[in-house]
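Asker:
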């Protein structure tokens with residue numbers, strides 16, 4: 001009946017996910033929001049930096065980390081980027097579109113992998129752009145207040161800025177993993193907030209055998225990558241970030257298994 | 001030609017058997033009505049055909065292959081399960097474009113199906129602002145993207161205005177005329193009487209009937225004849241003596257079963273009884289359907 005039949009390949013699925021991604025206004029709102037809030041929080045943090053530095057003790061001045069100061073907006077940015085990751089999956093469940101998508105692409109791993117690739121690509125670009133913008137603007141604000149500031153060439157700075165961008169991309173993947181496992185927007189976002197905000201806030205209550213986990217936890221040990229002044233508790237920040245990525249990979253793997261097995 | 005082959009299909013959710021050892025086929029070139037009360041397992045069966053839900057046992061194949069094994073599914077099967085399954089923030093054209101590029105279909109197919117479903121004018125509008133009728137059309141457009149030989153529609157006329165219903169009926173007929181196999185579900189018998197060539201009736205997940213529409217009617221009783229005469233009291237015993245069953249109808253008419261209109265006319269002429277009306281009445285499909293599925297309706301109201 002048709003002369004258009006062609007075997008669909010991964011590239012086609014990827015292209016379809018890109019069309020879906022770019023055709024939603026919420027995608028672009030998310031990106032605008034990410035930069036507005038990310039840079040806004042950074043500007044607030046910088047606003048009081050001059051005052052803080054001048055009132056600081058000698059020991060505090062020794063631990064002065066202008067790079068870290070300009071990257072603190074990651075705390076809010078990770079929520080925005082993570083929520084977007086969950087929505088990539090849960091919005092399809094909310095509308096029932098996931099059935100249409102899976103009828104078109106019955107190879108479920110391929111569909112989820114395409115979502116992961118598109119979301120990661122966008123998160124890497126947006127995450128790096130935000131971290132570099134925050135760093136450069138932040139240092140300019142510090143220089144204007146005449147307090148010590150950093151340059152990209154200083155030791156450890158590039159690693160902190162680029163590592164920060166990767167941290168944000170990893171949180172986007174955590175969002176996809178949670179969205180796939182929980183399928184509902186509210187539950188997935190609540191879990192995400194629990195992981196990045198609540199667990200760190202309640203860390204003091206955890207039994208000691210669980211505290212080791214916090215070394216690799218978002219907003220905790222894994223956030224050591226944002227610093228340039230070595231923290232004695234986390235001498236190898238990339239090890240902590242790597243641990244977090246492993247954990248997220250496990251969440252994502254569970255998502256793949258469930259997505260393959262469950263009825264929709 | 002058999003396009004969909006369902007064999008021994010069974011789906012259990014815990015202790016509930018939603019689809020129970022169901023077997024039927026869907027042939028090319030006709031509309032197959034998939035009929036059953038709400039909750040009979042129609043949607044679950046369709047989801048299993050489309051590989052969205054895994055059968056507990058049994059199989060469903062399209063063109064001899066499991067749906068998941070189809071190399072380019074949209075070019076073989078088009079399905080509309082739920083008209084609401086569109087992201088409201090996405091434009092109609094983008095919704096179709098994502099599906100088209102995902103299956104390696106040329107972009108011109110998007111414009112072709114938009115034209116065929118009469119949606120060209122609203123292609124650039126966001127689906128969230130669409131009426132139910134427009135969403136149905138968009139869902140049908142998506143089903144047609146790959147120019148498939150098999151089409152599956154789940155309750156396509158549910159909630160539509162009369163002109164929308166008429167359009168979908170005509171559309172399904174034209175798809176079948178083009179040689180495609182069309183499987184369309186409904187819980188309304190009257191709907192199927194207007195569109196379907198063949199009927200697959202299920203109740204509580206089990207097959208109740210698998211037959212052509214005309215056979216279905218014939219098998220459901222001979223129907224009745226409405227008789228009107230000036231002297232019903234005198235004519236009734238004559239009819240009964242000839243083997244008929246007589247009930248009183250509206251406005252002192254008689255509802256006769258067991259005799260044909262012709263036989264009743266001859267009987268009246270023989271006895272010199274003047275008839276003012278003699279109307280054979282076919283059993284309605286709705287009656288036949290209710291009769292068949294009486295035992296398999298899950299929830300029933302009490303008739304007042």
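Residue numbers (full-length UniProt numbering), protein chains in the order written: chain A, 1 to 264; chain B, 1 to 304.
The beta-carbon is built from N, C-alpha and C at its ideal position, and this holds for glycine as well.
What's the gap between the Cα of residue 202/B and the Cα of residue 212/B?
Answerer: C-alpha separation (whole angstroms): 14 Å.
Asker: Are residue 67/B and residue 80/B close, meaning C-beta to C-beta below 7 Å?
Answerer: No; because the gap between Cβ atoms is not below 7 Å, this pair is not in contact.
Asker: Using the rule of at least 16 other Cβ atoms within 10 Å of the residue's Cβ for burial, across every protein chain shown, is residue 134/B buried or exposed?
Answerer: That one is buried.
Asker: What do you reckon, are the CB atoms on residue 175/A and residue 192/A nearer than 7 Å?
Answerer: A contact, by the Cβ cut-off of 7 Å.
Asker: Does the contact criterion of 3 or more C-beta pairs under 8 Å hold for the region 146-153 of chain A versus the region 63-79 of chain A?
Answerer: Counting Cβ pairs under 8 Å, three or more are found: they touch.
Asker: Compare the C-beta of residue 187/B against all C-beta atoms of chain A and say whether one is closer than 7 Å.
Answerer: No, residue 187/B does not count as interfacial toward chain A.
Asker: Determine the extent of the beta strand (DSSP E) in which residue 20/A is found, giving its start and end residues.
Answerer: Not the beta strand (DSSP E): residue 20/A falls in the alpha helix (DSSP H), residues 10-22.
Asker: Of all the alpha helix (DSSP H) runs that stay within the bounds of the region 68-111 of chain B, which reach a length of 4 or more residues?
Answerer: 92-102, all fully within the region 68-111 of chain B.
Asker: So, residue 180/A versus residue 259/A, is the Cβ gap smaller than 7 Å?
Answerer: Yes, these two residues count as a Cβ contact at 7 Å.
Asker: For residue 164/B and residue 74/B, I'd like the C-alpha separation in whole angstroms.
Answerer: Using only the alpha carbons, I get a separation of about 25 Å.
Asker: Can you tell me which of 245/A, 211/A, 70/A, 35/A puts its alpha carbon nearest to the alpha carbon of residue 172/A?
Answerer: Comparing Cα positions, the closest option is 245/A.
Asker: Can you tell me whether residue 218/A is buried or exposed, with buried defined as 16 or more other CB within 10 angstroms of its CB?
Answerer: Its Cβ being crowded by 16 or more others within 10 Å, residue 218/A is buried.
Asker: Assuming residue 166/B and residue 20/B form a contact by the criterion Cβ under 8 Å, report the distance between their Cβ atoms to the nearest whole angstrom.
Answerer: That pair is no contact at about 35 Å.
Asker: In chain B, which residues lie less than 8 Å from residue 84/A when you measure between Cβ atoms?
Answerer: Under the 8 Å cutoff, chain B gives no residues; its nearest Cβ is about 14 Å from residue 84/A.
Asker: Residues of chain A with CB closer than 7 Å to the CB of residue 91/B, please, in chain order.
Answerer: Going along chain A in sequence order, the residues near residue 91/B (Cβ under 7 Å) are 23.
Asker: Just mark residue 74/A as buried or exposed, buried being the case when its beta carbon has 16 or more other beta carbons within 10 Å.
Answerer: So residue 74/A ends up on the buried side.
Asker: Kindly list the residues whose CB is nearer than 7 Å to the CB of residue 102/A, restricted to its own chain and excluding five residues on each side of it in sequence; keep chain order.
Answerer: Cβ within range, chain order: 108, 111, 264.
Asker: Under three-state DSSP, which class holds residue 198/B?
Answerer: In this structure, residue 198/B counts as strand in the three-state DSSP scheme.
Asker: Assess contact between the region 228-245 of chain A and the region 201-216 of chain A, defined as three or more Cβ pairs (one per stretch) separated by less than 8 Å. Is contact present?
Answerer: Yes: at least three Cβ pairs fall under 8 Å.
Asker: For residue 164/A, which of helix, strand or coil comes out of DSSP?
Answerer: If DSSP states are grouped into helix, strand and coil, residue 164/A belongs with the helices.
Asker: So, is the C-beta of residue 67/B closer than 7 Å to a C-beta in chain A?
Answerer: By this cut-off, residue 67/B is an interface position.
Asker: Mind reading off the beta-carbon distance from residue 268/B to residue 275/B? Whole number of angstroms is fine, and I expect it under 8 Å.
Answerer: Right, the Cβ-Cβ distance comes to about 5 Å (below 8 Å), so this counts as a contact.
Asker: By Cβ distance below 8 Å, which residues in the same chain neighbour residue 159/B in space, the five residues on each side in sequence not counted?
Answerer: Correct list, in chain order: 132.
Asker: Determine, using beta carbons only, whether residue 97/A comes closer than 7 Å to chain B.
Answerer: Yes, contact with chain B.
Asker: Helix, strand or coil for residue 242/A, going by three-state DSSP, please let me know.
Answerer: If DSSP states are grouped into helix, strand and coil, residue 242/A belongs with the helices.
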